[in-house]
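Protein chains in written order, with this note's numbering: chain A, 1 to 139; chain B, 140 to 278. First comes the structure, then the notes that go with it.
Protein chains: 2
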Amino acid sequence: MFIEVNNLSYRISVFAEKCGVNKETIRYYEKKELLKEPIRTDAGYRIYTDDDVKRVKFIKRLQDLGFSLSESYKLLGVVDNDNVRCQGMYEFVLRKEKEIQKQIADLKRTESMLQDLKNRCPDQKAIHQCPIIEWLVFD
Amino acid sequence: MFIEVNNLSYRISVFAEKCGVNKETIRYYEKKELLKEPIRTDAGYRIYTDDDVKRVKFIKRLQDLGFSLSESYKLLGVVDNDNVRCQGMYEFVLRKEKEIQKQIADLKRTESMLQDLKNRCPDQKAIHQCPIIEWLVFD
DNA sequence: CTTGACCGTGTACTAAGGTACAGGGTCTAT
DNA sequence: ATAGACCCTGTACCTTAGTACACGGTCAAG
Chain A
1 MFIEVNNLSY
11 RISVFAEKCG
21 VNKETIRYYE
31 KKELLKEPIR
41 TDAGYRIYTD
51 DDVKRVKFIK
61 RLQDLGFSLS
71 ESYKLLGVVD
81 NDNVRCQGMY
91 EFVLRKEKEI
101 QKQIADLKRT
111 ESMLQDLKNR
121 CPDQKAIHQC
131 PIIEWLVFD
Chain B
140 MFIEVNNLSY
150 RISVFAEKCG
160 VNKETIRYYE
170 KKELLKEPIR
180 TDAGYRIYTD
190 DDVKRVKFIK
200 RLQDLGFSLS
210 ESYKLLGVVD
220 NDNVRCQGMY
230 EFVLRKEKEI
240 QKQIADLKRT
250 ESMLQDLKNR
260 CPDQKAIHQC
270 PIIEWLVFD
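Now the structure itself:
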């Protein structure tokens with residue numbers, strides 16, 4: 001028998017809803033060690049706290065910012081004060097920064113290409129009749 | 140018996156090498172209809188030309204620019220003068236442009252966060268001792 | 001005491017963009 | 001005439017970030 005004591009602990013459904021993800025995702029994060037194993041009821045039901053909600057939301061924010069789950073796992077090493085995962089953290093941040101700068105440069109190039117492409121089309125409805133072919137095939 | 144006549148036609152290995160991808164990728168692109176079915180020798184060996192090299196390199200360039208294979212398939216509709224794939228091409232370009240602009244904005248946000256993160260660290264070797272935790276957990 | 005809403009585990013499936021085999025045919029040189 | 005280097009098809013496997021489902025246990029209400 002499990003009682004929700006003044007909103008401090010939740011079973012997986014309520015927890016997942018609070019996090020804005022679904023249950024399977026929570027179990028998936030646990031398997032990937034992004035979430036530590038939660039305490040359980042006698043029946044084996046997982047019990048979560050508000051701190052866990054913060055953690056999942058943090059992972060989701062990192063994800064929105066373009067970090068993969070394994071990168072988030074690395075960053076969580078800082079939060080968890082885990083020396084192993086903190087090894088080379090500065091270099092990790094530096095590498096990620098470089099990567100992002102390259103991505104931005106690539107996207108900007110693509111953006112201007114698309115704009116150019118649009119401008120070259122005399123009739124918006126007949127893009128296949130504009131100089132797109134030559135433009136695309138010969139850089 | 141197959142003779143390479145003055146470098147105009149290649150079997151899959153040489154072709155793949157010229158394109159900078161491997162054989163399986165070529166067959167994969169064929170299956171995905173990014174490459175049309177090539178002519179074959181009597182033994183059934185695929186034969187490619189320099190035009191095919193240009194096409195694969197084009198696909199690779201699009202990929203570097205952030206286009207997925209299915210998007211490249213769409214764009215190749217223009218090259219191939221395929222009316223079906225050319226349907227709604229202008230809208231496609233427009234949509235892609237918006238998408239890229241959003242991606243650029245997101246990446247810029249992440250970039251400045253990473254820069255901020257680096258600057259907050261007094262000692263480059265001890266990032267786990269800088270205010271990263273609070274910064275990460277409470278936006 | 002049984003129904004329905006939960007929870008558990010484990011496995012399979014998805015998309016994208018390939019990679020890696022297995023089992024067989026072909027071609028060239030020795 | 002046979003080894004070695006190619007080629008073929010088909011299928012399975014990989015990663016990432018989950019989703020879906022089957023089968024079974026738990027618990028509160030009627």
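Note that CB positions come from ideal geometry on N, CA and C, so glycine has one too. Quantities reported herein were computed from a predicted structural model and do not represent experimental measurements.
Cβ-Cβ separation, residue j to residue i (assumed contact under 8 Å), whole Å
i	j	result
L201 (chain B)	L173 (chain B)	Actually they are not in contact, since the Cβ atoms of L201 (chain B) and L173 (chain B) sit about 10 Å apart, beyond 8 Å.
M252 (chain B)	L65 (chain A)	7 Å
F15 (chain A)	D52 (chain A)	7 Å
M228 (chain B)	V218 (chain B)	Contact flag wrong, Cβ pair sits at about 12 Å.
Member of the options whose CA lies at the smallest distance from the CA of residue i
i	options	result
R46 (chain A)	A:K36, A:Q103, A:M89	A:K36
R85 (chain A)	A:E111, A:L117, A:E71	A:E71
K57 (chain A)	A:R40, A:L76, A:G44	A:L76
K74 (chain A)	A:K96, A:D51, A:D42	A:K96
I39 (chain A)	A:R11, A:D82, A:D116, A:T25	A:R11
G20 (chain A)	A:I59, A:G44, A:K31, A:K32	A:I59
F206 (chain B)	A:N119, A:R109, A:D50, A:F67	A:R109
K157 (chain B)	B:K193, B:N258, B:Q226, B:Q254	B:K193
L256 (chain B)	A:D50, A:L94, A:Q87	A:L94
C-beta contact flag for residue i and residue j at 8 Å
i	j	result
Q240 (chain B)	E111 (chain A)	yes
Y48 (chain A)	S9 (chain A)	yes
I165 (chain B)	I104 (chain A)	no
Delimiting residues of the alpha helix (DSSP H) encompassing residue i
i	result
Q103 (chain A)	89–119
N83 (chain A)	83–86
- Message: So within the segment 11–69 of chain A, which uninterrupted alpha helix (DSSP H) runs reach at least 4 residues, ignoring any that extend past its ends?
- Response: Within the segment 11–69 of chain A, the complete alpha helix (DSSP H) runs of at least 4 residues are 12–19, 23–31, 50–64.
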